[in-house]
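Heads up: the sequence shown is residues 21 to 290, going by our numbering.
Inspection log for the structure reproduced underneath, given as structure tokens.
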Amino acid sequence: MNGAGLLGGTTRIEVRGLGKSFRLEGRDIEAVSDVSFDVREGEFVALLGPSGSGKSTVLNMIATLLEPTRGTIAIDGRPVVAGKATPGVGYVFQRDALFPWRTVADNIGYGLDLTGIKGEERARRVTDCIAQAGLKGFENAYPAALSGGMRQRVSLMRALIVAPRILLMDEPFGALDTHTKIDMHAVLLSLWERGKQTVIFVTHDLSEALTLADRIILFSARPGRVKEAFDVDFPRPRDPVKVRETSRYAELYTRIWHSLGEEFAKGRSE
Ligand SMILES: Nc1ncnc2c1ncn2[C@@H]1O[C@H](COP(=O)(O)OP(=O)(O)O)[C@@H](O)[C@H]1O
Ligand SMILES: [Mg+2]
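Okay, here's the thing in structure tokens:
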């Protein structure tokens, strides 16, 4: 299967025959049907599809927040168990889920509080994360005083502070305007260039998927299935502004846009 990642490299995440039905007002709604894919060590994979195509459902099953109806998920060869967090896996939500009563430093530090890292080590790591995210000077600010982009930087660092080797992200920049979003792409890409985490990034935004990912897995309209997968072969490190100006970007954009457009249309006619 071209581009589906079933060949080569060390597999970190293995999804096989995944399905999920929800019971809604007395009938079963099939949200996800027979989804299979692999993600390799250090790979940045985008799950792309229209709204309602089951992307979040798949991510939440990988994150153990939801139990699959069918199929299996393994991380490093071990099956994941719903309700039991997998060590070394970080999660960044669609909307920033910051604590309004905690400062920037204490929101970021919260990631460590759960692991029992305290004192000097905690302070050192928080300071380091604040610097990496360009939040110096805002350590003692509360979330209400921050812009949307800054809040998402805090969310990102709260996940990264525990140094996860796998990062699951669900439309983390979905609520941001285009320019702030591109700034966040630059922040994320530079953090990822250092850490080379294995990433699954959910989005309905094709430009975002092309800017960030090594591979795009395109989902069909509900029930979500893997429709096609595309290798994104732009060189790294990538500049999120410059990459959009290349002819290869235009070429891939056109190809994927056509396929994605068919699914947007199906979603509308439901
Ligand atoms: N808890 C739930 N109960 C009932 N239906 C749900 C639930 N969560 C998701 N769904 C349905 O499953 C489908 C896929 O949803 P979701 O995974 O959120 O899609 P996406 O993230 O691609 O927008 C949608 O039709 C949605 O309404
Ligand atoms: Mg979603």
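Note that the Cβ used here is the ideal one computed from N, Cα and C, for glycine as well.
Put simply, the region 145-158 touches the region 179-198. At least three CB pairs are less than 8 Å apart. A117 and F158 have their alpha carbons spaced roughly 18 Å apart.
Annotation for Y111: no alpha helix (DSSP H) segment contains it, though the beta strand (DSSP E) segment containing it runs V109 to V112. Contact check for L67 against I220 passes: the beta carbons are separated by less than 8 Å.
With contacts defined by Cβ atoms closer than 8 Å, L188 and I82 form a contacting pair.
According to the DSSP assignment, T198 belongs to no beta strand (DSSP E) but to the alpha helix (DSSP H) extending over T198 to G215. Taking the C-beta atoms as reference points, H224 is found no nearer than 8 Å to S76. Per DSSP, the unbroken alpha helix (DSSP H) holding F284 starts and ends at S267 to R288. Three or more Cβ pairs closer than 8 Å define a contact, and the region 204-223 falls short of that threshold against the region 242-249.
The three-state secondary structure of D148, taken from DSSP, is helix. Cβ-Cβ separation between L230 and Y162: approximately 35 Å, too far for a contact (criterion under 8 Å). With the rule of 3 Cβ pairs closer than 8 Å, the region 207-215 does not count as touching the region 35-53. In the three-state DSSP reduction, S56 falls in the strand class (E or B). The three-state secondary structure of I82, taken from DSSP, is helix.
DSSP, reduced to helix, strand and coil, places P99 within a strand of the structure shown. A straight line joining the alpha-carbon of R214 with that of T89 spans about 37 Å. Bridge pairing for G244: V52 [DSSP].
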